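Q:
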Amino acid sequence: EAGVTQSPTHLIKTRGQQATLRCSPISGHTSVYWYQQALGLGLQFLLWYDEGEERNRGNFPPRFSGRQFPNYSSELNVNALELEDSALYLCASRTGTTGANVLTFGAGSRLTVL
Amino acid sequence: QKEVEQDPGPLSVPEGAIVSLNCTYSNSAFQYFMWYRQYSRKGPELLMYTYSSGNKEDGRFTAQVDKSSKYISLFIRDSQPSDSATYLCAMTTQGGSEKLVFGKGMKLTVNP
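Protein chains in written order, with our numbering: chain A, 1 to 114; chain B, 1 to 112.
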């Protein structure tokens, strides 16, 4: 069974540009979560999508946005990039919305903002 | 006060040592407690999962939850160099659909 896949693996942008990160969940998983892992800060919750809808978002500015497609894959967009957006962006998926929230993570997309 | 506190270390131990990793939390509504392991340049992978208070054992790993003290622990017996990784505690409220709240992670190195 294929795991959670993310692309690109690495991305280098400059301040003010936009970045788009992509995630394919495990087959059969309908919920997708995005987390930011910045150095020294641990994993910070960004966004949660389920059945194509945004269900919850973390304490991040509106320039962080995303969507979930009918095939449950997801995209994270970061507009007007700032230096502090440099981080590993992790996508995770789970089956449905009941029971314990056990997430399976992808390997992440490392974004560097110069 | 942060919801979940975890000493980021780093922690270095000799092979064969017993390792104790801990997290404290402030939200008494947390019911599900997890430990994830993250190797360098990889995403976190689920190691242990516990519901409410008590102990859970899986091979060399034991997870403990003390809800009265808002304290969780992960013990690694007979530690191996392959255990060298960052260990993150995570927890969530009952209901299951809420976000996981993570600790900052503890970087562990087991020296041969």
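Glycine included, C-beta positions come from ideal geometry on N, C-alpha and C. Every value quoted in this text rests on a predicted model; they were computed, and no experiment measured them.
Between the beta-carbon of G3 of chain A and the beta-carbon of I26 of chain A, is there less than 8 Å?
A: Mapped onto the first sequence, residue 3 of chain A falls at position 3. Mapped onto the first sequence, residue 26 of chain A falls at position 26. Yes; because the gap between Cβ atoms is below 8 Å, this pair is in contact.
Q: Unbroken beta strand (DSSP E) runs of length 3 or more, entirely within the segment 16 to 63 of chain B: which are they?
A: 19 to 25, 30 to 38, 45 to 51 and 54 to 58
Q: Is D85 of chain A helix, strand or coil when you go by DSSP?
A: Position 85 of the first sequence, counting from 1, holds the residue named residue 85 of chain A. It is helical.
Q: Among residues of its own chain, excluding the 5 on either side of D7 of chain B, which ones have a beta-carbon nearer than 8 Å to its beta-carbon?
A: Indexing the second sequence from 1 puts residue 7 of chain B at position 7. N22 and M106, listed in sequence order.
Q: Taking DSSP as the reference, what is the three-state secondary structure of P14 of chain B?
A: Counting from one through the second sequence, the residue named residue 14 of chain B turns up at place 14. Strand.
Q: Would you kindly check if the distance between the Cβ of C23 of chain A and the Cβ of Q6 of chain A is under 8 Å?
A: For the purposes of this step, residue 6 of chain A is taken as the residue at position 6 of the first sequence. For the purposes of this step, residue 23 of chain A is taken as the residue at position 23 of the first sequence. It is a contact, given that the beta carbons lie within the stated cut-off.
Q: For S79 of chain B, count neighbouring C-beta atoms within 10 Å of its own C-beta (all shown protein chains included) and say buried if the count is 16 or more, exposed if not.
A: Within the second sequence, residue 79 of chain B is the residue found at index 79, counting from 1. Buried is the call here.
Q: Taking 8 Å as the threshold (beta carbon to beta carbon), is E5 of chain B in contact with chain A?
A: Residue mapping note: residue 5 of chain B aligns to position 5 of the second sequence, counting from 1. False, the Cβ-Cβ gap to chain A never drops below 8 Å.
Q: CB-CB under 6 Å to L21 of chain A, same chain, minus the five flanking residues each way: which ones, in chain order?
A: Along the first sequence, read from residue 1 onward, the residue named residue 21 of chain A stands at position 21. L76, Y89 and S109, listed in sequence order.
Q: How is D50 of chain A classed by DSSP in three states: helix, strand or coil?
A: By 1-based counting over the first sequence, the position of residue 50 of chain A is 50. Here D50 of chain A sits in strand by DSSP.
Q: Within 10 Å of its beta-carbon, does R63 of chain A have 16 or more other beta-carbons around it, so buried, or fewer, so exposed?
A: The sequence position of residue 63 of chain A within the first sequence is 63, counting from 1. It is exposed - the Cβ of R63 of chain A has fewer than 16 other Cβ atoms within 10 Å.
Q: What does W48 of chain A touch in chain B if you count any residue whose Cβ is under 7 Å from its own?
A: The residue labelled residue 48 of chain A in the question sits at position 48 within the first sequence. Chain B residues near W48 of chain A: K99.
Q: Here's the rule I'm using: 16 or more other beta-carbon atoms within 10 Å means buried, otherwise exposed. How should T86 of chain B be labelled?
A: Taking the second sequence and counting its residues from 1, one reaches residue 86 of chain B at position 86. Looking at its Cβ environment, which holds 16 or more other Cβ atoms inside 10 Å, T86 of chain B is buried.
Q: Three or more C-beta pairs closer than 8 Å, one from the segment 63 to 81 of chain B and one from the segment 28 to 47 of chain B: is that the case here?
A: yes
Q: Whole angstroms is fine: what's the gap from L108 of chain B's alpha carbon to S68 of chain B's?
A: In the second sequence, residue 108 of chain B corresponds to position 108, counting from 1. In the second sequence, residue 68 of chain B corresponds to position 68, counting from 1. Between the alpha carbons of L108 of chain B and S68 of chain B lies a gap of roughly 27 Å.
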